[in-house]
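Colleague:
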Amino acid sequence: QNFKKAIELDPDYASAYNGLGAAYRHAGNINGAIFCWEKALELNPDLGFALYNLGSAYLATGNKTQALIYLTEYKEKNYGSLPSKEKDKLDALIQKCRRKS
């Protein structure tokens, strides 16, 4: 509810769309989450969390092609600053995108 209010007050607030996407994902509304994360990236293409979230959401829907695009972009922009545990997790997701099954 707070994210929706923030967006009402400032429709260009990318972080609010990212937060609303996370709330939708948590509630099981993956399509709503994807919409919000795409909007967040439209407003701020460098919003790393939205790149990661969108990639993992697309992977969850089975769209490995889109997932790979967003996760790879996230890796290119953020890999150097990630803790090793997060790097391993990201690399595993990217490998999952590249698997054929």
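Counting with our numbering, you get residues 117 to 217 for the letters of the sequence shown. Glycine included, every Cβ here is placed at the ideal spot set by N, Cα and C.
With distance defined between alpha-carbon atoms, name the residue in A176, C152, T177 nearest to F165.
Modeller: Position 49 of the sequence shown, counted from the start, is the residue given in the question as residue 165. The candidate whose alpha carbon is nearest that of F165 is C152.
Colleague: Does the structure place the segment 177–188 close enough to the segment 197–204 that three or more beta carbon pairs sit under 8 Å?
Modeller: With a cut-off of 8 Å, the segment 177–188 and the segment 197–204 do not count as touching, because too few Cβ pairs lie within range.
Colleague: Using alpha carbons as the reference points, say which of H142, G135, R141, A156 lies closest to D128.
Modeller: Along the sequence shown, one-based indexing puts residue 128 at 12. That would be A156, whose Cα lies nearest to the Cα of D128.
Colleague: I need the straight-line Cα distance from A179 to E124, nearest angstrom please.
Modeller: As a first step, residue 179 must be located in the sequence shown, where it is residue number 63. As a first step, residue 124 must be located in the sequence shown, where it is residue number 8. At residue 179 the sequence reads Asn, which differs from the Ala that was named. Going from the Cα of N179 to the Cα of E124 covers about 31 Å.
Colleague: So, at 6 Å on beta carbons, what are the nonlocal neighbours of A149 in its own chain, with the 5 sequence-adjacent residues on each side left out?
Modeller: Looking up residue 149 in the sequence shown gives position 33. Cβ neighbours of A149 beyond the five flanking positions: G137, Y140, R141, A173.
Colleague: How far does the alpha helix (DSSP H) with R141 in it reach, from first residue to last?
Modeller: On the sequence shown, position 25 is the one that residue 141 refers to. It spans 130–142 - the alpha helix (DSSP H) in which R141 sits, taken as one unbroken run.
Colleague: By how many angstroms is the C-alpha of Y168 removed from the C-alpha of E192?
Modeller: Within the sequence shown, the letter at position 76 stands for residue 192. Within the sequence shown, the letter at position 52 stands for residue 168. Straight-line Cα distance between these residues: approximately 11 Å.
Colleague: Hey, how far is the Cα of K205 from the Cα of E154?
Modeller: To locate residue 205, count along the sequence shown from 1; it is residue 89. To locate residue 154, count along the sequence shown from 1; it is residue 38. Cα-Cα distance, rounded: 22 Å.
Colleague: Do you know how far the Cα of F119 is from the Cα of A135?
Modeller: Within the sequence shown, the letter at position 19 stands for residue 135. Within the sequence shown, the letter at position 3 stands for residue 119. Checking the displayed sequence, the identity of residue 135 turns out to be Gly instead of Ala. Going from the Cα of G135 to the Cα of F119 covers about 6 Å.
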